[in-house]
Amino acid sequence: MKTISTRVISAIVAVIIVISVIYFYDIQGLRLLVYLTPFLAVRELVRMLFKPGEASGLQIFFVLLTLIIFFINARAPDFSMLGVASLSVIFCAFCILNEKKCADLEALKFFMSKGILGFIYVGILPGLAF
Numbered sequence: 000m001k002t003i004s005t006r007v008i009s010a011i012v013a014v015i016i017v018i019s020v021i022y023f024y025d026i027q028g029l030r031l032l033v034y035l036t037p038f039l040a041v042r043e044l045v046r047m048l049f050k051p052g053e054a055s056g057l058q059i060f061f062v063l064l065t066l067i068i069f070f071i072n073a074r075a076p077d078f079s080m081l082g083v084a085s086l087s088v089i090f091c092a093f094c095i096l097n098e099k100k101c102a103d104l105e106a107l108k109f110f111m112s113k114g115i116l117g118f119i120y121v122g123i124l125p126g127l128a129f
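Residue 48 in numbering that gives the first Met the number 0 sits at position 49 of the sequence shown; the count goes up by one each step and never skips.
1. Apply the 10 Å Cβ neighbour rule to Ile125 and answer buried if 16 or more other Cβ atoms are within range, or exposed otherwise.
2. Nearest to Gly82 by alpha carbon, out of Ile95, Phe49 and Leu64?
3. From the DSSP output, in three-state form, read off Asp77 for me.
4. Any idea if Leu44 is buried or exposed, counting beta-carbon neighbours within 10 angstroms, 16 or more meaning buried?
5. For Phe90, does the three-state DSSP call read helix, strand or coil?
6. Closest by CA to Ala84, which one among Ile95, Ile67 and Leu96?
7. Measure from the alpha carbon of Lys113 to the alpha carbon of each residue in Leu35, Ala128 and Val41, then state which is nearest.
8. Report buried or exposed for Pro76, applying the criterion of at least 16 other Cβ atoms within 10 angstroms of its Cβ.
9. Taking 8 Å as the threshold (beta carbon to beta carbon), is Lys113 in contact with chain D?
10. Could you give the first and the last residue of the continuous alpha helix (DSSP H) run that contains Gly117?
11. Which residue's Cα is closest to the Cα of Gly117: Leu96, Phe90, Ser19 and Thr2?
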């Protein structure tokens, strides 16, 4: 029960912070929140996708690709799907080259699909909301 109460309290605090930023800073505050979202979310995504102390080069590469996808979607929405597709292919190729993390093809497929899903949730959606 401790984790549920902690999550409820942190959600209430987050809602209060979001409402106060939007109230005091108007549209600029909303843009600031949208820009901060990928930086905070990619940290959580890396914690879910990678085990602690494992594949730090792949972690850095994944974070960079996710932030590049976000900035492409935020600044050049006309080229967003081209950028997402090409960076996803680069990520898949890099995962295949560093396959020692995965025991078999099923584990590699699962890892790559979680990475691509992370690109969507952390890179594309906040970028399109901007």
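All C-beta atoms, glycine included, are put in the ideal place defined by N, C-alpha and C.
According to the data block:
1. Strictly speaking, residue 125 in this sequence is Pro, with Ile absent from that position. Buried, by the Cβ-count rule.
2. Leu64
3. helix
4. buried
5. helix
6. Ile67
7. Val41
8. exposed
9. Absence of chain D from the displayed structure is noted, only one protein chain being present.
10. Leu104 to Gly117
11. Phe90
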